[in-house]
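> Sequence order for the protein chains is W and F. Per the numbering used here, residue 1 is the first one in the first sequence, and the count goes up by one each step. Per the numbering used here, residue 1 is the first one in the second sequence, and the count goes up by one each step.
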Amino acid sequence: GAVVSQHPSRVICKSGTSVKIECRSLDFQATTMFWYRQFPKKSLMLMATSNEGSKATYEQGVEKDKFLINHASLTLSTLTVTSAHPEDSSFYICSARAPGTNEQFFGPGTRLTVL
Amino acid sequence: AQTVTQSQPEMSVQEAETVTLSCTYDTSENNYYLFWYKQPPSRQMILVIRQEAYKQQNATENRFSVNFQKAAKSFSLKISDSQLGDTAMYFCAFMKPFIQGAQKLVFGQGTRLTINP
Chain W
1 GAVVSQHPSR VICKSGTSVK IECRSLDFQA TTMFWYRQFP KKSLMLMATS NEGSKATYEQ
61 GVEKDKFLIN HASLTLSTLT VTSAHPEDSS FYICSARAPG TNEQFFGPGT RLTVL
Chain F
1 AQTVTQSQPE MSVQEAETVT LSCTYDTSEN NYYLFWYKQP PSRQMILVIR QEAYKQQNAT
61 ENRFSVNFQK AAKSFSLKIS DSQLGDTAMY FCAFMKPFIQ GAQKLVFGQG TRLTINP
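1) Establish whether the CB of lysine 55(W) and some CB of chain F are separated by less than 9 Å.
2) Kindly list the residues whose CB is nearer than 7 Å to the CB of serine 12(F), restricted to its own chain and excluding five residues on each side of it in sequence; keep chain order.
3) Determine the chain W residues that contact lysine 104(F) at a beta-carbon separation under 8 Å, and present them in chain order.
4) Who are phenylalanine 113(F)'s beta bridge partners in DSSP?
5) Under 9 Å, do proline 86(W) and threonine 31(W) count as touching if we go by C-beta distance?
6) Taking C-beta pairs closer than 9 Å, name the residues in chain W that glutamine 109(F) reaches, listed in chain order.
7) Looking at C-alpha atoms only, which residue of Thr111(F), Glu52(F), Ala71(F) and Tyr90(F) is the closest neighbour of isoleucine 46(F)?
8) Tell me whether aspartate 26(F) sits in a helix, a strand or coil according to DSSP, three-state version.
9) For phenylalanine 67(W) and valine 4(W), which I take to be in contact (beta-carbon distance under 8 Å), what is that distance rounded to the nearest angstrom?
10) Please classify tyrosine 54(F) as buried or exposed, where buried requires at least 16 neighbouring CB atoms within 10 angstroms.
11) Quick check on serine 95(W): buried or exposed, where buried means 16 or more other Cβ atoms within 10 Å of its Cβ?
12) Please report the Cβ distance between cysteine 23(F) and phenylalanine 75(F), rounded to the nearest whole angstrom; I am assuming they are in contact, meaning their Cβ atoms lie under 8 Å.
13) Would you say arginine 10(W) reaches chain F, if we count a Cβ-Cβ gap shorter than 9 Å as a contact?
14) So threonine 110(W) and proline 8(W) are supposed to be a Cβ contact under 8 Å. How far apart are they, rounded?
15) Can you check which of these residues, Gln109(F), Asp26(F), Gln103(F) and Gln39(F), is closest to glutamine 69(F) by C-alpha distance?
16) Counting only Cβ pairs nearer than 7 Å, list the residues of chain F close to arginine 97(W).
17) Is there a Cβ of chain W sitting closer than 9 Å to that of isoleucine 49(F), yes or no?
18) Counting only Cβ pairs nearer than 8 Å, list the residues of chain W close to phenylalanine 94(F).
19) Can you tell me which residues form a DSSP beta bridge with valine 4(W)?
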């Protein structure tokens with residue numbers, strides 16, 4: 001089956017710093033990737049849709065200048081949390097869709113803790 | 001906008017029992033996809049089963065089956081012969097057809113299922 005990786009799996013940073021999370025599709029080319037945020041014991045909330053070679057589409061209420069998304073290749077999308085604050089602490093999950101399919105393959109997630 | 005509702009925050013059954021998780025959704029679309037995902041303690045999202053709305057036959061995957069009632073906009077998941085490894089959060093999800101855009105998944109609130117030995 002299709003494999004999606006995320007790096008890092010855990011990150012702890014100080015308030016005010018920026019953190020980059022990578023999402024890679026390992027054995028397929030993903031024209032579209034998605035970034036989700038999940039609070040403890042809650043559901044996944046879509047933050048943005050990332051399309052290769054174009055600007056990401058952000059969901060309502062998600063600050064595009066705070067959560068920078070880059071999808072520079074068909075196998076890599078990055079999410080940068082800029083000037084992170086404790087309220088940005090969460091579990092971030094990416095998924096990737098292969099062309100011509102309707103299934104999303106999920107990464108293992110990244111736990112971000114901002115001190 | 002589409003919404004997905006899972007009315008059972010938590011469920012608990014004994015090993016080997018059958019359990020049914022409920023899901024209802026709201027949409028004006030006629031064609032769409034429905035999914036059940038499992039999120040074990042590792043937090044890796046795993047696809048359990050999918051259903052295409054234009055197919056009347058209920059999807060089955062080994063011990064997992066769905067009861068898809070399109071008119072009622074209901075999509076329940078039945079787990080037969082439950083196993084300890086089935087303990088997880090289960091999310092119901094809705095997706096518009098491929099031709100209508102980026103295919104965003106809309107998730108329900110989740111049901112925490114515990115299988116007891």
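We put the CB at the ideal spot given by N, CA and C, even for glycine.
Once the coordinates are examined:
1) no
2) So the qualifying residues of the chain are Thr114 and Asn116.
3) Phe34, Leu46 and Thr49
4) The sequence as given places leucine at residue 113(F); phenylalanine does not occur at that position. DSSP, once it has assigned bridges, lists Met11(F) and Ala88(F) as partnering leucine 113(F).
5) Not in contact: proline 86(W) and threonine 31(W) (Cβ atoms no closer than 9 Å).
6) Lys42 and Ser43
7) Checked all of Thr111(F), Glu52(F), Ala71(F) and Tyr90(F); the closest Cα to isoleucine 46(F) is Tyr90(F).
8) Correct three-state label for aspartate 26(F): strand.
9) Going by Cβ atoms, the distance from phenylalanine 67(W) to valine 4(W) rounds to 19 Å, so no, they are not a contact pair.
10) exposed
11) buried
12) 5 Å
13) no
14) 6 Å
15) Ranking Gln109(F), Asp26(F), Gln103(F) and Gln39(F) by Cα distance to glutamine 69(F) puts Asp26(F) first.
16) What arginine 97(W) touches in chain F: Gln103.
17) Using a Cβ-Cβ cut-off of 9 Å, isoleucine 49(F) does not count as an interface residue toward chain W, since no Cβ of chain W sits closer than that to its own.
18) Chain W residues near phenylalanine 94(F): none, gap ~12 Å exceeds 8 Å.
19) Ser25(W)
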